[in-house]
């Protein structure tokens, strides 16, 4: 009655659809109120440090509902295994039966997260991206650059990290994607020469400070997805011309917007939702001098969209 | 890196351990505060009516954490497919990696729920069970009777349901387990001749009324696991000498205790937890005239215990 798919065939299926397009559609449906997304389930582990998130929901009237589990155990790198893991489960909204288990080892979460970064940049980046700055030289930092290629012609990048070796590996790999990549161990260098910046770290302290940010910069912060992770000085959000959340409701308990609101730097009324920005061009940046911030905490609708697309692609290809 | 097990081998593994014993141990660990159980995740569907519950958690310092999904779609019976479904996922608490997926189609949830009924009866039933009453002739109603055989010698039962055909099928099947089973379409008949009663229905209206309950009766209510399901007149809880919850925290938002508290029939201080009753015999019924009620909403520790036991049994048998 159900199918179990593993990583190789899931990876292969990704070439059969436009992931940025389906994620964009997902954000629109979400902001239109068509998607039921209960609060994120969460477990936090201390020794070794790690977390597990359960994101789940459904588009009303759709055929499926989806439950996604993603784990992050940052010390796994020492063991030579991936820091992120997980799986996605697709169920029938008509019978409750499991339709398929996508044992993607967290890959689809990585991909849908990177695609959300591309969606945010597509609608919020300045018209002329001079250089792309990436904070975090891990899996997500690499994927962000890969998916940004679909939305900006800029092939110049700078990557910041805390480990020189990891930075070299990053530069080598992303050069193969056609990027000219400089590396740095000094985070302040990034906003000095980049006007499209993506933060993709598990940091618990701000990495970028408000007075480093030049006019005309867009920042997508995607690392923080809990109440205790933070990548941006709350004053960056205070001074931004626009603050965009993937989910306003999730931003009440996690991520940069939560932290900046807690710090009194911004108020709830200062935040608009990504799906609304996609639908209404008048909500985007008004000129190339504005500073914009997108805070992505990851929404179940992304998981719904990508797992449905993968499943339908796998089934229509008759791989089973 | 992970194993996927399906129903036949999972069913087979159940003979390798004592499920009532591990569920009992789980309740004790839970009431001792050793188990982290975040709030239950829930999705409610309207057309067709159904629900999905996500229960998850971990025993502190243990090797695993567990996420369980259970669905209930009561109109499935018309389609000839099981009304309950789901799966259990076991992850490493050290790396976040998926250890195994138990594609049990909801069977392990059914079993651990039935085992919890046996645990409640073991510690709360009157010393001489004259007849067992079961409300609900579905899967859970059958399993309750099956697992009660381990904790009481009584082989006389009465089953109530709303469909005569289903009742006949129930009687036929449970006679094979050695029970002498009478059937009834009148719920009031059950408390008139049974002093150990289990309610196992998805009812949204009370099925048993307070003035029907005789002294010396124990009732385990296991059907209600949402805020809107209810099987017992709140006055039954008000007049009971003991009200026991599997989880006091879950009883604040779902189940009979939630409903009776909402109705003002009982207060939070009137409720004790099953794990505490198991540990301390002085908390059990004082005599065979008392009325006791156990309200079981289903706790993730049951899922943790059964999925670990199944996995370890499957692995030690070298079935993979």
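Chains as they are written, first to last, in our numbering: chain A, 476 to 795; chain B, 476 to 795. Note that the Cβ used here is the ideal one computed from N, Cα and C, for glycine as well. Bear in mind the structure is a predicted one, so any value in this text is a computation, not a measurement.
Should residue i be flagged as near chain A, meaning a C-beta pair shorter than 8 Å?
i: residue 816/B; result: Lying outside 476 to 795, the shown extent of chain B, residue 816/B is not represented and no answer is given.
i: residue 511/B; result: yes
i: residue 662/B; result: no
i: residue 524/B; result: no
i: residue 571/B; result: yes
i: residue 568/B; result: yes
i: residue 604/B; result: no
i: residue 790/B; result: no
i: residue 613/B; result: no
i: residue 479/B; result: yes
i: residue 747/B; result: no
i: residue 547/B; result: yes
i: residue 740/B; result: no
i: residue 578/B; result: yes
i: residue 779/B; result: no
Of all the CB atoms in chain B, is at least one closer than 8 Å to the CB of residue i?
i: residue 518/A; result: yes
i: residue 794/A; result: Only weak support is given to the placement of residue 794/A: the predicted model assigns it a pLDDT of 46, under 50, and the question is left unresolved by the model.
i: residue 531/A; result: yes
i: residue 623/A; result: no
i: residue 592/A; result: no
i: residue 751/A; result: no
i: residue 544/A; result: yes
i: residue 527/A; result: yes
i: residue 484/A; result: no
What residue does the alpha helix (DSSP H) around residue i start on, and which one ends it?
i: residue 788/B; result: 775–791
i: residue 551/B; result: 551–554
i: residue 712/B; result: 709–714
i: residue 590/A; result: 582–599
i: residue 618/A; result: 614–623
i: residue 487/A; result: 482–488
i: residue 735/B; result: 730–737
i: residue 650/A; result: 639–650
i: residue 749/A; result: 749–754
Just to check my reading of the structure: residue i and residue j have Cβ atoms closer than 8 Å, yes? What is that Cβ distance to the nearest angstrom?
i: residue 780/A; j: residue 521/A; result: No, residue 780/A and residue 521/A are not in contact; Cβ-Cβ is about 33 Å, not under 8 Å.
i: residue 657/B; j: residue 633/B; result: 5 Å
i: residue 515/B; j: residue 725/B; result: 7 Å
i: residue 703/A; j: residue 679/A; result: 6 Å
i: residue 622/A; j: residue 595/A; result: That belief does not hold up - the Cβ atoms of residue 622/A and residue 595/A are roughly 11 Å apart, past 8 Å.
i: residue 682/A; j: residue 662/A; result: 5 Å
i: residue 541/A; j: residue 699/A; result: With a Cβ gap of about 23 Å, residue 541/A and residue 699/A do not count as contacting.
i: residue 774/A; j: residue 505/A; result: 6 Å
i: residue 610/B; j: residue 654/B; result: That pair is no contact at about 16 Å.
Could you please give the first and the last residue of the uninterrupted beta strand (DSSP E) stretch that includes residue i?
i: residue 528/A; result: 524–534
i: residue 539/B; result: 539–547
i: residue 695/B; result: 693–696
i: residue 767/B; result: 767–770
i: residue 519/B; result: 516–521
i: residue 657/A; result: 655–659
i: residue 574/A; result: 573–578
i: residue 720/B; result: 717–720
Bridge partners for residue i per DSSP, in chain order?
i: residue 676/A; result: Answer is none; residue 676/A lacks a bridge partner.
i: residue 559/B; result: 547/B
i: residue 433/A; result: Lying outside 476 to 795, the shown extent of chain A, residue 433/A is not represented and no answer is given.
i: residue 503/A; result: The partner list for residue 503/A (beta bridge, DSSP) is empty, contrary to what the question assumes.
i: residue 492/B; result: Answer is none; residue 492/B lacks a bridge partner.
i: residue 700/B; result: Bridge partners of residue 700/B: none, in fact.
i: residue 567/B; result: 539/B
Three CB pairs or more closer than 8 Å across the stretch 590–602 of chain B and the stretch 561–574 of chain B | no
So, do the stretch 697–708 of chain B and the stretch 641–651 of chain B have three or more beta carbon pairs nearer to each other than 8 Å?
-> no
Do the stretch 612–619 of chain A and the stretch 573–586 of chain A make contact, defined as three or more Cβ pairs closer than 8 Å?
-> yes
Proximal residues, the stretch 550–563 of chain A versus chain E, C-beta separation under 9 Å | In the displayed structure, chain E is absent; the protein chains listed are A and B.
Quick check: the stretch 756–773 of chain B against the stretch 681–699 of chain B, are there 3 or more CB pairs under 8 Å?
-> A contact between stretches requires three or more CB pairs, one per stretch, nearer than 8 Å, and the stretch 756–773 of chain B meets this requirement with the stretch 681–699 of chain B.
Determine contact between the stretch 710–721 of chain A and the stretch 730–740 of chain A, defined as no fewer than three beta-carbon pairs at a distance below 8 Å.
-> yes
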